[in-house]
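S.K.: Mind looking over this structure? Questions follow.
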């Protein structure tokens with residue numbers, strides 16, 4: 015019963031975080047598409063800041079509700095000014111939370127490659 019309640023709490027908190035940050039993220043993403051020059055740079059910064067904040071809050075929700083001991087090695091050598099290529103085999107649901115735990119605010123915000131057909135999926139395409 016406790017696991018069920020924990021799962022419901024995590025789902026509720028993640029949903030609240032998503033509902034709160036989704037609107038501003040989409041607003042700045044749309045503004046980024048139509049903005050010229052320096053205004054576009056500001057909107058790009060805003061999109062990245064919201065995405066990093068979203069990820070950080072999700073990370074803290076998981077840490078609070080589902081305490082996990084992470085063994086992250088080499089994080090001291092990471093830089094926010096260097097790009098990295100991370101390859102994941104997606105063998106479980108934990109790939110994205112693990113990336114959030116290990117890389118968020120230690121490296122440039124992560125980006126994903128996807129098939130070009132997925133760009134036209136509503137909302138998903140705007141995120142990329």
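Residue numbers (the working numbering): 15 to 142. C-beta: ideal position from N, C-alpha, C; glycine also. These figures come from a predicted structure and were not determined experimentally.
1) Could you give the distance in angstroms between the alpha-carbon of residue 64 and the alpha-carbon of residue 18?
2) Identify, in the order they occur along the chain, each residue of the same chain with its Cβ nearer than 8 Å to the Cβ of residue 28, setting aside the five sequence neighbours on each side.
3) Is the CB-CB distance between residue 105 and residue 86 below 9 Å?
4) What span of residues does the alpha helix (DSSP H) with residue 115 cover, start to end?
5) Between the Cα of residue 122 and those of 61, 83 and 79, spot the shortest distance and give me the residue it belongs to.
6) Report, in whole angstroms, the separation of the C-beta atoms of residue 120 and residue 92, which I expect to be a contact under 8 Å.
7) Just the Cα atoms here: how many angstroms apart are residue 36 and residue 88?
8) Helix, strand or coil for residue 127? Go by DSSP, reduced to three states.
M.R.: Looking at the atomic coordinates:
1) 30 Å
2) 72 and 75
3) no
4) Counted as a single uninterrupted DSSP element, the alpha helix (DSSP H) harbouring residue 115 occupies residues 109-117.
5) Nearest Cα to residue 122 within the set 61, 83 and 79: 61.
6) Between residue 120 and residue 92, the beta carbon gap of about 4 Å places them in contact (Cβ cut-off 8 Å).
7) 32 Å
8) Residue 127 carries a coil assignment under DSSP once its states are collapsed to helix, strand and coil.
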